[in-house]
Amino acid sequence: MLWHYKILPNLSVTTYSEPTMSNAVTAETANTTHTNNTSIDNTQYHPQLIEAAQQAKWATDKRFEVSNEPSDKPSRYMLSMFPYPSGKLHMGHVRNYTISDVLSRYYRLKGYEVMQPMGWDGFGLPAENAAIANQTPPAKWTFANIDSMRAQLKLLGLSIDWSREFATCSPEYYQWEQWLFLQLYKKGLVYKKLATVNWDPVDNTVLANEQVIDGKGWRSGAPVEKRDIPMYYFNITDYADELLDDLDQLEGHWPSEVLTMQRNWIGRSAGMEVHFPYELAGETNTLDVFTTRPDTLMGVTYVAVAAEHPLAQYAAEQDEAIAQFNALCKKGSVAEADLAKAEKIGMDTGLTVTHPLTGEEVPVWVANYVLMSYGSGAVMAVPAHDERDYEFATKYNLPIKQVIDIPAGFLDQVEADAKANNTQSNRAYTERNTLVNSGEFDGMDFEQAFEAMLAKLEPQQLAKKKIQYRLRDWGVSRQRYWGCPIPMVNCEHCGTVPVEEQDLPVVLPTDVVPDGRGNPLKNIPEFVNTTCPKCGNPAERETDTFDTFVESSWYYARFASPHDTTNMVNKSAANKWLPVDQYIGGVEHAVMHLLYARFFHKLMRDENLVSGDEPFANLMTQGMVLAGTFYRVNADGSTTYYFTEDIDIDYNERGQPIKATLKSDGQPVTIGKIEKMSKSKNNGVDPQLTIDKYGADTVRLYTLFTAPADQTLEWSDDALKGPYNFVKKVWRIATEHMQALADANLSLDTLNNEALNTDNLSKETKALRRKTHETIGKIDSDLGKRLALNTPVSSLMELANELANFKANGEQDLQVQHEALIDLLIILSVYAPHIGEHLLEQLGMDTVTLSYPEVDTSALVQDMITMVVQVNGKMRGKMDVAPNSDPEQLKAQAKALEGVAKFLTGEIKKEIVVPNKLVNIVVAG
196 MLWHYKILPN LSVTTYSEPT MSNAVTAETA NTTHTNNTSI DNTQYHPQLI EAAQQAKWAT
256 DKRFEVSNEP SDKPSRYMLS MFPYPSGKLH MGHVRNYTIS DVLSRYYRLK GYEVMQPMGW
316 DGFGLPAENA AIANQTPPAK WTFANIDSMR AQLKLLGLSI DWSREFATCS PEYYQWEQWL
376 FLQLYKKGLV YKKLATVNWD PVDNTVLANE QVIDGKGWRS GAPVEKRDIP MYYFNITDYA
436 DELLDDLDQL EGHWPSEVLT MQRNWIGRSA GMEVHFPYEL AGETNTLDVF TTRPDTLMGV
496 TYVAVAAEHP LAQYAAEQDE AIAQFNALCK KGSVAEADLA KAEKIGMDTG LTVTHPLTGE
556 EVPVWVANYV LMSYGSGAVM AVPAHDERDY EFATKYNLPI KQVIDIPAGF LDQVEADAKA
616 NNTQSNRAYT ERNTLVNSGE FDGMDFEQAF EAMLAKLEPQ QLAKKKIQYR LRDWGVSRQR
676 YWGCPIPMVN CEHCGTVPVE EQDLPVVLPT DVVPDGRGNP LKNIPEFVNT TCPKCGNPAE
736 RETDTFDTFV ESSWYYARFA SPHDTTNMVN KSAANKWLPV DQYIGGVEHA VMHLLYARFF
796 HKLMRDENLV SGDEPFANLM TQGMVLAGTF YRVNADGSTT YYFTEDIDID YNERGQPIKA
856 TLKSDGQPVT IGKIEKMSKS KNNGVDPQLT IDKYGADTVR LYTLFTAPAD QTLEWSDDAL
916 KGPYNFVKKV WRIATEHMQA LADANLSLDT LNNEALNTDN LSKETKALRR KTHETIGKID
976 SDLGKRLALN TPVSSLMELA NELANFKANG EQDLQVQHEA LIDLLIILSV YAPHIGEHLL
1036 EQLGMDTVTL SYPEVDTSAL VQDMITMVVQ VNGKMRGKMD VAPNSDPEQL KAQAKALEGV
1096 AKFLTGEIKK EIVVPNKLVN IVVAG
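For the sequence shown, the positions run 196 to 1120 when the working numbering is used.
In structure tokens form, the structure reads like this:
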């Protein structure tokens, strides 16, 4: 039995050959052929050669590796959400990792010790599904994909510390989450209980919600059943208040919409737990219901329970029809969204409970929209003031009792809207208002009714105030193979027993090819059969594996000490690097991943592994990458989507596609919507093909220049030409400058090390210096304060234009030009590191010790400005004057201009001076 692959430092699986990179010069190739930049033809821009050579240098020098030892530099931890190793990068990856890399390179220039690591979210259902389809072990598929994606990432020139790389599917990593699980189990923060899941009766397996399609299993097509199985839970609700309250610390540092989503997901609500007494088989009990609307208690006309509730089970024993209905309720998805859309059905159990205020008997119904796993598995129904209850009550002709005052005109509007939309009206009024038809509580508002009802019921033990959360404890058991084994043993004598710590890790067998029918771990005796850690008798190992959110909930902390063999996280390393200074990822992870990571940070804090309350000091949610779609609708009504490279496209003057034809047959195809890149729409762009054509620097510039980083990016192959032409322009400027220096016999060493003489600069030369230092300050503010990543590219383009138009006359002008070019290239190296560093090296700069340019405030001072002169609002001339000149002198100088004087033929009515901008002379008509 092959238990796990030995992971080498670069994470290659030793039994598989390294994948090759086609159509690209790799850093490894460049290491033997292009490490000396003098071998590159400097008269032409060859991005592939330059980029491979620079990448080889960085790898050889281990340029971006950082130490956990104390440093006199401030530390900065930059992290993008690590990728799932699907096998191929997409443009979303490129944009995400370019954002973090630009910020990492910027902060290095600013004097920070920057850690930017990379790893792989290795476990997961996609690998298992791919293994089923390809009949290959998930481990083999996963590690081969990691090798491929690592090579692709390196082509981007990312300043990553690869020495910290790990995959979460390696035992060296997941043994520590097993260890933490055992600590939490000891503290009572882990427990086991029955949970309702989607069950495929043909494949005998649990299905994720997304694997249930129209109520059937995605693979077998069998109707899905609800089934109760034992699962392990993290008691995240014990941390609910802290998770909610600590969001206040993140205000201004996380996007407000993410904070709102987390607050809503936690969903703290104050309400009342109401007890409805009943007697059954001679025993007295209560049906417990939590409600946030106790003010509607007098409007309860029935209660509904889940099919698994004891009352429903009792009724089923007495009535076969109810038993059959309960069985029907167990079919279908357990997802909240699916339940909300499903038709509401129910059956009267014939049982009743007693209304705690009125003493009336209230019928008990079993209903498919109530889940046992939520709350107590029972709800009180107030049809007049709850839309779902109204729908159910009207369907089964149950009483509807209004107990909240309904504003005049509300019901008329409901009926009018229903008629206009051709839908069934729902007359439930769900807002708060004054109580009516509620006896002694009539006329009260919500707060008054809450307190009055509580005062009456609590002494009778029929109600109590309660805080409840939408957040549920985190069920972490998954009945799947490709995941981290749960370190528990099931013993018929001792029950559930944790594995001893010295026996960790419980290693997942990796030579398994799943077939989609149940968990294959159950059929591996070498894995299942073990001895009880407590009594020593034969026992069985737990075959469930962890939810893969567990691995991604603490990986950020492991990067601080990825090779520590004695601790989950080394505390001193964590203190140096944590919290993550800038976390970057998609907004789709706003709730689950980010909430679980926050929870895990608090768990690790309480185990004295990390400090602080929050894992991510700042969060940026980058926008999606969109692209156009091209398709034909087939005769059978299906749609065929085509790759962009298979289409000939005509564009209008604004760069918008106006005509598209398929290359293979010359016939037209429909130009579809701009949509998120996806395999199903064939509108994805292969980053490697784009890099092969334009170079990584152009791709990096394009992904950040085209749109703000937090907004969507509409991909256009044609638009890549802009950034590409920009880097070629910079190349041309640099090569021409070097030639000019050679012609003037100026030493690079002298230019780079001696102070610049700024005396007696010409107007044009001063303007270039001013533009240079304005650019330095603006980009510093954009990146360091505003986190604006697109506008710096525009500023660099403007500076490049100034340089291209500048005509150096003499040695001093060349010195100023040299200063401007060096500063441009230093900042450009943040975005386009290959060309930036290559040209800096050609200009004699040590790229290892670069720092961000300092603003020379004296260069920003203008001793002469150009002012416009208007006559009756039309420009008639310009004049160069000293800033803040005397208005009377400005008027006189303006009137003396030859181009102005000839228009001053009438009486001057008014002379207007806008300081440092214009003079406008108003002449009678």
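We treat Cβ as the ideally placed atom computed from N, Cα and C, and that holds for glycine.
Secondary structure of residue i, DSSP reduced to three states
i, result
"Leu821", "strand"
"Ala476", "coil"
"Gln663", "strand"
"Ile681", "coil"
"Val565", "coil"
"Pro278", "coil"
"Glu1036", "helix"
"Ser354", "coil"
"Phe636", "helix"
"Phe520", "helix"
"Glu223", "Because the pLDDT at Glu223 is just 41, under 50, the model does not fix this residue reliably, and the point stays unresolved."
"Val1114", "strand"
"Thr230", "For Thr230, the predicted model reports a pLDDT of 38, less than 50, meaning its position is unreliable; a value from the coordinates is still stated below. The answer is coil: DSSP assigns Thr230 none of H, G, I, E or B."
"Val1108", "strand"
"Ile719", "coil"
"Trp198", "In this prediction, Trp198 scores a pLDDT of 39, lower than 50, which makes its location untrustworthy; the coordinate-derived value is nonetheless stated afterwards. Trp198: coil per DSSP, three-state reduction."
"Met216", "For Met216, the predicted model reports a pLDDT of 30, less than 50, meaning its position is unreliable; a value from the coordinates is still stated below. Coil."
Among the options, nearest to residue i - alpha-carbon criterion
i, options, result
"Tyr926", "Arg1071, Leu1016 and Ser415", "The question names Tyr, but residue 926 in the sequence shown is Trp. That would be Leu1016, whose Cα lies nearest to the Cα of Trp926."
"Asp637", "Thr255, Gln1010, Leu492 and Phe1001", "Leu492"
"Ile1103", "Ala1096, Val1109, Lys1112 and Ile1116", "Ile1116"
"Thr496", "Ala576, Gln674 and Ala891", "Ala576"
"Ala658", "His470, Met933, Thr1100 and His932", "His470"
"Leu375", "Ile886, Lys660 and Phe795", "Phe795"
"Asp975", "Ser343, Asn263, Arg458 and Leu298", "Leu298"
"Gly634", "Val598, Asp1008 and Ser464", "Val598"
"Thr726", "Cys689, Val702 and Gly917", "Cys689"
"Leu475", "Val548, Trp413 and Pro489", "Val548"
"Ile844", "Glu931, Thr834, Tyr836 and Thr856", "Thr856"
"Thr839", "Pro810, Trp910, Gly890 and Lys916", "Trp910"
"Ser172", "Asn1067, Pro558 and Val782", "This structure leaves residue 172 out entirely; the chain is present only between 196 and 1120."
"Thr1042", "Glu1032, Pro1048, Val498 and Glu1049", "Glu1032"
"Arg303", "Val1114, Ala1087, Ala830 and Leu1045", "Leu1045"
"Phe485", "Ser989, Gln663, Asp584 and Thr589", "Gln663"
Span of the alpha helix (DSSP H) around residue i
i, result
"Val922", "Lys916 to Asp938"
"Ala1091", "Pro1082 to Ala1091"
"Lys771", "Lys766 to Trp772"
"Arg414", "Arg414 -> no alpha helix (DSSP H), and no H or E assigned at all."
"Gly1166", "Beyond the ends of the chain as shown, which are 196 and 1120, falls residue 1166; an answer cannot be given."
"Val153", "Examination of residue 153 is not possible in this model, given that the chain is present from 196 through 1120 alone."
"Val1025", "Glu1006 to Tyr1026"
Element boundaries [beta strand (DSSP E), containing residue i]
i, result
"Gly1072", "Lys1069 to Val1076"
"Leu546", "Gly541 to Thr549"
"Asp843", "Ile842 to Tyr846"
C-beta atoms of residue i and residue j nearer than 8 Å
i, j, result
"Ala501", "Ala511", "no"
"Leu666", "Gly462", "yes"
"Trp336", "Ala322", "yes"
"Val289", "Leu351", "yes"
"Asn947", "Gly1039", "yes"
According to DSSP, residues forming a beta bridge with residue i
i, result
"Lys421", "Asn393"
"Ile599", "Leu630"
"Asn724", "Glu735"
"Gly314", "DSSP output for Gly314 lists no bridge partner at all."
"His470", "Asp483"
"Ala499", "Trp560 and Val574"
"Tyr369", "Partner(s): none; Tyr369 has no beta bridge."
"Val401", "Trp394"
"Gln1065", "Met1070 and Asn1115"
"Pro863", "Thr856"
Min CB distance residue i to chain B below 8 Å
i, result
"Glu642", "Absent from the structure: chain B. Only one protein chain is present."
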